[in-house]
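Student: With this note's numbering, you'll find the sequence shown wraps up at 329, consecutive numbering, no jumps. Quick one: the structure is below, and I'll ask about it shortly.
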Amino acid sequence: MSEVYVDGFMWTRGCHHYSCASGSVTTTVQETCCEVLGEVYTNGQNWKQGCHNYTCNFGMPESNVVLDTCCEVFGEVFPDGHTQIINCHNYTCNSGSLDIVSIVDTCCEVYSNNHTWTQGCHNYTCKYGLSEAVGVLHTCCEVLGEVYPDGHTWTQSCHIYTCKKGFLETLGVLDSCCEVLGETYHDGHAWIKDCQNYSCNSGIFKNVTLTNCHDTDRRGHTIIWVMCTITVILVVALAIIVQNAWKTASIIDSIRLKDLREDPLLK
């Protein structure tokens, strides 16, 4: 039964102050306590919930310590050393941490052993923890992760495909593009790569070897060879000039020394 309060009446419930004013209820939160799951804790009070220690800090519950005596998983608390099966895995609570012990061989993630289900265009069954494809549906085709119903026709790259009783069939090739090594080029596109002139014309891919390209390469190699030869010749010529200059300087010094020795003024 609901309670009736007169206008101007004020009351406290949990950590909330209420007041009745002109038929409306005004609510304020006290900063001197914390209300958690229906329990009221005074400011500064500590309490344990799940695997955490909490403290009431001016109306806000704060977790300051994580207990290593239990593990909390999806809101459930398991004591230390407890083993639990979660999504086909055996877990053990080890000092507050959840460790995987093993994989359960009686289920496949969310399916029990021998359970059969359909995914994409395949039928699967769970066999001792492993999913096994047991059949292909003939009502659809699965291509690169996409599922197409039987009879559906679609365009991918430069090809037109259709799904026929679970099998992929090519209906034709578009003349508006060319597919080369996984790359798609639109009709009329032309490009040059490695001395080859490529072009896409009405869905037909053509390539022509460029003779000038090889001549240019040979011309470039010839120019490099000539420049290297000229550089070597210049280096050798410079070495000869330096060597001759050194010999000439030595001869001149010898002549000057001889003249000085024969000069009567110096005797």
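The beta carbon of each residue, even a glycine, is placed where N, CA and C say it ideally should be. In this text the structure is predicted, and so the values were computed from the model without any measurement.
Taking the runs of the beta strand (DSSP E) that are 3 residues or longer, which of them lie wholly in the stretch 284-309?
Tutor: Counting only runs of 3+ residues, no beta strand (DSSP E) is found wholly inside the stretch 284-309.
Student: Going by the DSSP bridge assignment, what does Q92 pair with across the sheet?
Tutor: Within the sequence shown, the letter at position 30 stands for residue 92. Beta-bridge pairing links Q92 to no other residue.
Student: When the Cα of E97 is compared with those of H200, H251, N152, E124, which residue comes out closest?
Tutor: Taking the sequence shown and counting its residues from 1, one reaches residue 97 at position 35. Ranking H200, H251, N152, E124 by Cα distance to E97 puts E124 first.
Student: Who does Q146 pair with in a DSSP beta bridge?
Tutor: Here residue 146 refers to the residue found at position 84 of the sequence shown. DSSP lists Y153 as the beta-bridge partner residues of Q146.
Student: So the beta strand (DSSP E) E65 belongs to, where does it begin and stop?
Tutor: As a working mapping, residue 65 is identified with position 3 in the sequence shown. The continuous stretches of beta strand (DSSP E) do not include E65, and DSSP gives it neither H nor E.
Student: Suppose you measure from the CA of G70 to the CA of T154; what does that come to, to the nearest Å?
Tutor: In the sequence shown, residue 70 corresponds to position 8, counting from 1. In the sequence shown, residue 154 corresponds to position 92, counting from 1. Rounded to the nearest angstrom, the two C-alpha atoms are 57 Å apart.
Student: Let me check one thing: in DSSP terms, what residues is H177 bridge-paired to?
Tutor: Here residue 177 refers to the residue found at position 115 when the sequence shown is read from its first residue. Beta-bridge pairing links H177 to no other residue.
Student: Alpha carbons only, please: which of L230, T131, V242, C95 is nearest the one belonging to Q107?
Tutor: Locating residue 107 in the sequence shown gives position 45, counting from the first residue. It is C95.
Student: Which residues in the same chain have their Cβ closer than 6 Å to the Cβ of C118, if we skip the five residues on either side of it in sequence?
Tutor: The sequence position of residue 118 within the sequence shown is 56, counting from 1. Same-chain partners within the cutoff: C96, Y103, N105, Q107.
Student: Do P211 and C202 have their CB atoms nearer than 7 Å?
Tutor: If you number the sequence shown from 1, residue 211 lands on position 149. If you number the sequence shown from 1, residue 202 lands on position 140. Against a cut-off of 7 Å, the Cβ pair of C202 and P211 comes out as a contact.
Student: How many angstroms separate the CA atom of G158 from the CA atom of H184?
Tutor: Taking the first residue of the sequence shown as position 1, residue 158 is located at position 96. Taking the first residue of the sequence shown as position 1, residue 184 is located at position 122. Spanning the two alpha carbons is a distance of roughly 41 Å.
Student: In chain order, what residues of the same chain lie with their CB nearer than 7 Å to the CB of Y247, ignoring the 5 residues before and after it?
Tutor: Residue mapping note: residue 247 aligns to position 185 of the sequence shown, counting from 1. Listed in chain order, the non-local C-beta contacts of Y247 below 7 Å within the same chain comprise C239, C240, C262, local neighbours out to five positions each way being set aside.
Student: My guess is that E134 and C113 are in contact by the Cβ rule of under 8 Å, so how many angstroms apart are they, rounded?
Tutor: Residue numbering aside, residue 134 sits at position 72 when the sequence shown is read from its first letter. Residue numbering aside, residue 113 sits at position 51 when the sequence shown is read from its first letter. Rounded, the Cβ-Cβ distance is 4 Å, consistent with contact.
Student: I need the straight-line Cα distance from H78 to T88, nearest angstrom please.
Tutor: For the purposes of this step, residue 78 is taken as residue 16 along the sequence shown, with counting starting at 1. For the purposes of this step, residue 88 is taken as residue 26 along the sequence shown, with counting starting at 1. About 10 Å.
Student: Any idea if Y67 is buried or exposed, counting beta-carbon neighbours within 10 angstroms, 16 or more meaning buried?
Tutor: The count along the sequence shown starts at 1 and reaches residue 67 at position 5. Y67 is exposed by the Cβ-count criterion.
Student: Which word fits C290, buried or exposed, when buried means at least 16 other C-beta atoms lie within 10 angstroms of its C-beta?
Tutor: Residue 290 sits at position 228 when you count from the first residue of the sequence shown. Answer is exposed; the Cβ neighbour count stays below 16.
Student: Would you identify the three-state DSSP class for T273, choosing helix, strand or coil?
Tutor: For this step, residue 273 is matched to residue 211 along the sequence shown. Reduced to three states, the DSSP call for T273 is helix.
Student: Since C203 sits in a beta bridge, which residues does DSSP pair it with?
Tutor: Position 141 of the sequence shown, counted from the start, is the residue given in the question as residue 203. In DSSP, C203 forms a bridge with Y210.
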